[in-house]
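Asks: Chains as they are written, first to last, in the numbering used here: chain W, 1 to 205; chain D, 1001 to 1178; chain U, 2001 to 2375; chain Z, 3001 to 3350.
For each residue, glycine too, the CB sits at the ideal point set by N, CA and C.
Just so it is clear, the structure is predicted and the values come from calculations on it, not from any experiment.
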Amino acid sequence: MAEQETPTPQAPAVALPPWEANPVTPAPQDARQHGQVAELAAALPDAVLDAVDMAGQVTVAIPVERALEVFRVCAERLGYEFLVDCTAVDWKDRPEGRFDVIWWIHRHRDERRLRLKVRVADGVEVASATPVWKTANWMEREVWDMFGIRFAGHPNLERILTWEGFGGHPLRKDFPVEGIDTGAAVYPETYPPGGGPSAKPGGAQ
Amino acid sequence: MSVRKLLTEVFHLDLLGGLWQTARFTMTRKATVPYPEKRLDPTPRFRGMFGFSEERCIVCRACERACPIRIIYIDGHLEEVEVDGKKRKKQVLDRYDIDVKRCMFCGLCQEACPTTPKAIWLTTKTYELATYERDLSLYFRKDRLQSWEGVVAYPGVVAPADGQTPDDPGGTGGKERG
Amino acid sequence: MSTDLHLIQSMPDSEEMEVSFGPQHPATHGVLRVMVRLDGERILDARPIIGYLHRGTEKLFETMYYNGCVPHTDRLDYTTAAANNQAFVGAVEKLMGVTIPPRAAWIRMMLAEMQRLASHIIWLATHALDIGAMSPFFYTFQERETILDLFEEYCGARLTLNAMRVGGQPLDLPEGWTDRLRVFVDQLPDRIAEWERLLTDNRIWKGRTVGVGVISAADAVNWGLTGPPLRGSGVRWDVRKALPYEGYDQVEFDVPIGQNGDTYDRYLVRMEEMRQSLRILRQCLDRQPDGPVMAKVPKVIKPPKGEVYHSVEGPKGELGFYVVSDGSTQPYRLHVRPSSFINLQVLPELVRGHLVADLIAVIGTLDIVLGEIDR
Amino acid sequence: MTNPWVVYLLVPMVKIVVILGAITLAAAYLSYFERRLVGFLQIRLGPNRVGWQGVLQPIADALKLFSKEDIIPTRAEKLVYLSGPVLIIVPALVVFSVIPFGPPTNLFGLLPQAIPPYLTDINVSVLFVLGVSSFGIYGIILGGWASNNKFSLMGGLRSAAQLISYEVPMGFAIVAVLLMAGSLSLVSIVEAQRQAHVWYVFPGFVAFFIYFICGVAETNRNPFDLPEAEAELVAGFHTEYSGMKFAFYFLAEYANMVVVSSMATVLFFGGWLRPFPSWGWLGFLDVVPPVVWFLAKVAAFLYCYIWFRGTFPRVRFDQLMALGWKVFLPVSLANLMVIGTLIVLFGGGR
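1. My output table needs one value for D/Gly1163: the three-state DSSP class, helix, strand or coil.
2. Is the Cβ of U/Gly2156 closer than 8 Å to any Cβ of chain D?
3. Measuring CA to CA, which of D/Leu1093, D/Gly1107, D/Lys1118 and D/Met1049 is closest to D/Glu1149?
4. What first and last residue would you give for the beta strand (DSSP E) that runs through D/Tyr1096?
5. Taking one C-beta from the region 2066 to 2082 of chain U and one from the region 2100 to 2118 of chain U each time, how about it: are there three or more such pairs within less than 8 Å?
6. Do you know offhand how far U/Ser2020's Cα is from Z/Glu3232's?
7. In or out: U/Pro2298 buried (at least 16 other Cβ within 10 Å) or exposed?
8. Which chain Z residues sit within Cβ distance under 7 Å of D/Thr1026?
9. Considering Cα atoms alone, identify which of U/Pro2170, U/Leu2225 and U/Gln2169 is closest to U/Glu2349.
10. How is W/Ala127 classed by DSSP in three states: helix, strand or coil?
11. CB-CB under 7 Å to D/Lys1125, same chain, minus the five flanking residues each way: which ones, in chain order?
12. So what's U/Gly2317 in DSSP terms, helix, strand or just coil?
13. Beta-carbon of U/Gln2330 versus every beta-carbon of chain B: anything under 8 Å?
14. Roughly how many whole angstroms lie between the Cα atoms of D/Ala1161 and Z/Lys3068?
15. Kindly indicate if chain U contains any beta-carbon less than 8 Å away from that of D/Arg1004.
16. How far does the beta strand (DSSP E) with W/Arg66 in it reach, from first residue to last?
17. What residue range is occupied by the uninterrupted alpha helix (DSSP H) comprising Z/Leu3374?
18. For the region 3292 to 3311 of chain Z, enumerate the residues whose C-beta is nearer than 7 Å to any C-beta of chain D, in chain order.
19. Look up U/Ala2328 in the DSSP assignment and say whether it is helix, strand or coil.
20. Quick one: Cα of W/Tyr80 to Cα of U/Thr2146, how far?
21. Could you tell me which of D/Val1033, D/Arg1004, D/Pro1044 and D/His1012 sits nearest to U/Phe2151, measuring between CA atoms?
22. The alpha helix (DSSP H) with U/Leu2230 in it runs from where to where?
23. Taking just the CA atoms, how far does Z/Ala3217 sit from D/Asp1014?
24. Going by the beta-carbon positions, is the gap between U/Asn2162 and D/Cys1060 smaller than 8 Å?
25. Counting only C-beta atoms, is U/Arg2037 closer than 8 Å to chain D at any point?
26. Pairs of beta-carbons, one from the region 104 to 122 of chain W and one from the region 156 to 166 of chain W, closer than 8 Å: are there three or more?
27. Taking 8 Å as the CB-CB cut-off, is Z/Glu3232 touching chain U?
28. Could you check whether the region 3156 to 3172 of chain Z touches the region 3183 to 3203 of chain Z, counting it as contact only if at least three pairs of C-beta atoms, one from each stretch, sit closer than 8 Å?
29. Just the Cα atoms here: how many angstroms apart are D/Lys1089 and D/Lys1118?
30. If you count every other CB in all the chains shown that lies within 10 Å of the CB of D/His1077, and 16 or more means buried, which is it?
31. So with CB distances below 7 Å, who are the chain D contacts of Z/Leu3045?
32. To the nearest angstrom, how far is the alpha carbon of Z/Thr3341 from that of D/Leu1007?
33. Three or more beta-carbon pairs under 8 Å between the region 3135 to 3151 of chain Z and the region 3238 to 3250 of chain Z, yes or no?
34. Output, in sequence order along the chain, the residues in the region 80 to 104 of chain W whose CB is closer than 9 Å to any CB in chain U.
35. If U/Gly2213 and U/Gly2234 are in contact, beta carbons under 8 Å, what's the gap, nearest whole angstrom?
36. Tell me, to the nearest whole angstrom, how far the beta carbon of W/Arg98 is from that of W/Ala121; I am working on the premise that it is less than 8 Å.
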């Protein structure tokens, strides 16, 4: 590639270019004063519980009971017309509520994103975002399937990736990675679960 | 409706371009490679069947850790060996098994291997691994990994036991240009 | 995935018929199953049932080292491995605060654009095959072979590339690779013109695609469509432009859009996107910086506590990875925003009231890959 | 040679055996040529492994189909299910009894007197061909219905609708030829073209075009292969058929292609006549036997079939209907009127 030599955008010789120095790990910062958060706080004063800015991404914690209200305000008044994604995280032993349910919302007018987060305990229902963003439909079904978080007001809250009647919610931290016995294993005698040589000592070759 | 449009509508003249195109392709050279007689040459970096060298292995288990699906099984023990008259403790390999049937040929083990040249490499250009038995034929023990018993090697690639060095064993791509 | 056996039984008192398309069906691009309620040939309702390829990838990610996740991302959408790699390592790099060397960024861009070409080529091949034109499949796959050959030469694999690592690229480009890529980039426009001659003005093709599966711009945004389905409806939005990553703010390219939001417009958008990808590739080849390809990162990737979401414009739409780290060497949670999954859910809206044949055309135009949908 | 046993039994029997064997073999080899040609269109090689360049492929396929397990779906209507392949293959082969492959010949003096190389020439052979070939649709509809499969059923229904819509413009296109020839006998139509000094494709190009497109539609071939549209209906009406039962459907499809091509040759391209039969200076072309002319023309049409298959996407069901009823039917009627008027005005080709 010598023939295509172009001046590389390298920093002056004194300072190391960023890729040769040690990485600067981003630290979470309080973001209550951030423009997007302030906007939301102005529209719904008590909706912002906490706001964190990490690596340029703003996360706003909102109360679970006001979630639908926040969605409506975001979509209709603040212009976040695009729901990017919705998922959950399981913090198994966290005392103040086991799950984080997370929504990313995007607005096209200034290409900004906001992450909304609610903290819920096991068994608590979260308001469905489907009345505001239709795209939440399958995302919420997936969260229900994988985490067992119910969404109130969802038109068709069924399992989506596993089958109806599957026992358990796979992405919970207490669900075994090896899987559970669903009675659907094919030829369990010939191909024991797990496989590999540990399953059949001295068997192979 | 103009006459031209009517003619196009009735006689489907707009379809002639496509017919012309396919007729032209009839004449072009065919892309088919008659496989068993003629085979494509894998590139030097092609990740295929494992080559393994017990002499080079220092039993560091880096490959075992790097494997995302944990199909490399290593057992070793410490042994006293005499090197230049001095007694030294050295790791000796007891078991080096790869469950090739579950391998996805990602090459992370080769990347993790710290020796030069690599003790394990996938750049053997060999990819014809189909067998009739799923469990036995594709579970490779240490000696079989080196002798390649029952593996159809790519022509030109000698079995790894002969000390064959892969073309680019170390992922030295970064230094290649220098 | 819910199976409604009672719906599959025939309904003697009604003219309606419930047909299960798939999971084994030639035109469902894998194991998609669509329960279709038909009145004669007209679709009253369609309900996609997915999950037949569910492998629990997100759960598996939690048990792997960060670099070990990369080969698994290949297998999400197996036609766009490079984009998956790119999105995943981008997310982890963002979480760690790593800046990758410019040469690595340009190599990634090249791989991603080649992958976009390859993916659009597969889309065109299968879409045309679904609509009954068999030959474009072979013409297009011949060109895709060239891309795969280049992939193989670069990283040693053709489909599941595993070509990116946290912190940069594991390998530099081999000798002569750029020349071969340039030859390919120069000849592909002629090939695209040939494919278009077979389809674009063909009245049968137009009859099958114009006005089929129409979605308005507002609906497309509300349904969360991204990628060509969104742009086909006339929304000029592309992650590469909106939230530029790597070197996309330094290259020039246009974001093509359609007007009517129908299958034909989405076809035109994708064809134009291929040309724009070639334009980006040309600029990459011309302005390729020199230097290292790997940043200074520790051998064992251990990001700090925190969470980050990073998305790239995959060939099928916005492809995002959400990484939650608890400070260990394995991700605490790794969520994928699968573009085909979210694009697929609009299917019932697009086909309601159309004919059975249109269902096939719409499935093709959404460009889904079940590996990504079911994960 | 006046022994009635010879004239009425032996000769027809020999002819039947020869024609049946030839047609079956031709249909089988047509599948080979189709795969080869489509392969060439698609920059690949097609079957080239069995025998030299794969010429034994149809035989290998037949052996494979013979040895396949004979599957009857549990809930299929057995009698109807089994009669489906019969219903489709019999009409497809019976039609060949009236197709004139060439003029009477004595096989270069091998035979004591010239005998026609076709089975029979009945005075309504055009109607016979149309009527008998339409019977094949029962095989498709009943087979599709009896399989107890929704895709098969939809394929069968599509096929029925398609046949009805395309039979009509096709019939009108043929009537144009009948007006010009003044006869319903295929042999007389060829002779009429000799006397008219012109193939009917020149005065009747519109009729020919409509006839051929409708023929493609009637034989369920791409771009009108809706009854077996792979991407939509898996395999359409023969989804549940396997082994030799499938082979019958397969053979019938190819035999029907040959029928449509032969009819196009006879009606519009002068059957066994050489090009421009009245131009004396082209007399050197007569060294080629008439049967070869006939076969060459049929082969050209078959090539078009395969070419279309390699090029076009599939039309949609409603577009197919619209094309048949809204375009071809009015155009064929108008064409008929124009030709009729011209014949009245100028005395036509009679």
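Replies: According to the structure shown:
1. Its pLDDT being 47, under 50, D/Gly1163 is placed unreliably by the model, and the measurement read from it follows with that caveat. In the structure shown, D/Gly1163 sits in coil (DSSP, three-state: anything other than H, G, I, E or B).
2. yes
3. Cα-wise, what sits closest to D/Glu1149 is D/Met1049.
4. Boundaries of the beta strand (DSSP E) harbouring D/Tyr1096: Lys1086 to Asp1099, taken from the DSSP string.
5. Contact holds: three or more Cβ-Cβ distances are below 8 Å.
6. 12 Å
7. exposed
8. Phe3040 and Leu3041
9. U/Leu2225
10. strand
11. Pro1042, Phe1046, Gly1048, Tyr1154 and Val1157
12. strand
13. You won't find chain B in this structure, because its protein chains are W, D, U and Z.
14. No answer about D/Ala1161 holds up, because its pLDDT of 49 lies below 50 and its placement is not dependable.
15. no
16. Premise fails: W/Arg66 is in no beta strand (DSSP E) and is neither H nor E.
17. No information on residue 3374 of chain Z is available, as it lies outside the stretch 3001 to 3350 that chain Z covers here.
18. Trp3307, Gly3310 and Thr3311
19. The residue you asked about is not Ala; residue 2328 of chain U is Ser in the sequence shown. Of the three classes helix, strand and coil, the one that applies to U/Ser2328 here is coil, per DSSP.
20. Distance between the alpha carbons of W/Tyr80 and U/Thr2146 is about 42 Å.
21. D/Pro1044
22. Start and end: Pro2228 to Gly2232.
23. In a straight line, the C-alpha of D/Asp1014 is about 19 Å away from that of Z/Ala3217.
24. Going by C-beta atoms, U/Asn2162 is not nearer than 8 Å to D/Cys1060.
25. no
26. no
27. yes
28. Here the region 3156 to 3172 of chain Z does not lie against the region 3183 to 3203 of chain Z, with fewer than 3 beta-carbon pairs under 8 Å apart.
29. 22 Å
30. Exposed, since its Cβ has fewer than 16 Cβ neighbours within 10 Å.
31. The contacting residues are Lys1030 and Thr1032.
32. Cα to Cα, Z/Thr3341 sits roughly 21 Å from D/Leu1007.
33. yes
34. Glu81, Phe82, Leu83, Val84, Asp85, Thr87, Ala88, Val89, Asp90, Trp91, Asp100, Ile102 and Trp104
35. Taking a contact as a CB-CB distance under 8 Å, the pair U/Gly2213 and U/Gly2234 does not count as one, their CB atoms being some 15 Å apart.
36. 6 Å
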